[in-house]
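Numbering (my numbering), first residue to last: 9 to 154.
From the three backbone atoms N, C-alpha and C, an ideal C-beta is built for every residue, glycine too.
For reference, the structure discussed in these notes is given below.
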């Protein structure tokens with residue numbers, strides 16, 4: 009199986025899965041992210057304790073790329089410190105902007121590397137980064153608890 013097929017399979021699995029698409033108990037941060045150019049929306053919920061992201065999930069609607077990217081991100085940030093989650097978000101942005109190409113460095117992104125080639129599809133970049141920008145805003149204190 010070629011790398012492109014594996015990446016497609018990863019994105020399909022995350023888009024079709026609900027394991028990260030639900031509400032969590034007692035979130036400490038809730039933030040809505042919207043891509044006005046296509047209408048994708050997510051609501052990210054984080055539960056932080058002692059500087060660690062103890063749990064995270066999202067709800068929302070959107071294209072397969074935005075939903076899969078948010079799900080992959082959730083898998084990656086659970087159990088990480090807020091600082092590590094921000095580092096991963098910045099690494100993801102660097103990959104999407106084609107600024108970070110070092111495969112060894114990108115290994116930290118695990119399955120999120122499946123979105124690497126989105127940089128060649130400018131109309132889809134906003135879809136891929138929606139969840140990650142929402143995470144960045146939530147960690148930086150721009151959350152709006154319900």
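Tell me the rounded alpha-carbon separation between residue i and residue j.
| i | j | result |
| --- | --- | --- |
| residue 110 | residue 56 | 31 angstroms |
| residue 81 | residue 22 | 10 angstroms |
| residue 36 | residue 52 | 11 angstroms |
| residue 132 | residue 46 | 9 angstroms |
Is it true that the CB of residue j sits closer than 8 angstroms to the CB of residue i?
| i | j | result |
| --- | --- | --- |
| residue 85 | residue 65 | no |
The alpha helix (DSSP H) with residue i in it runs from where to where?
| i | result |
| --- | --- |
| residue 136 | 130-147 |
| residue 107 | Premise fails: residue 107 is in no alpha helix (DSSP H) and is neither H nor E. |
Quiz item: Quick one: any contact between the region 95-115 and the region 140-151, if contact means 3 or more CB pairs under 8 angstroms?
Solution: Taking 8 angstroms as the limit for Cβ pairs, the verdict is that the region 140-151 does touch the region 95-115.
Practice problem: Could I get the ranges of all uninterrupted alpha helix (DSSP H) runs contained in the region 12-92, with 4 residues as the minimum, in chain order? | Solution: Listed in chain order, the alpha helix (DSSP H) runs fully inside the region 12-92 are 72-85, counting runs of at least 4 residues.
Quiz prompt | Contact the region 72-84 vs the region 117-125: 3+ CB pairs below 8 angstroms | solution = Taking a contact to require three or more Cβ pairs closer than 8 angstroms, the region 72-84 and the region 117-125 qualify as touching.
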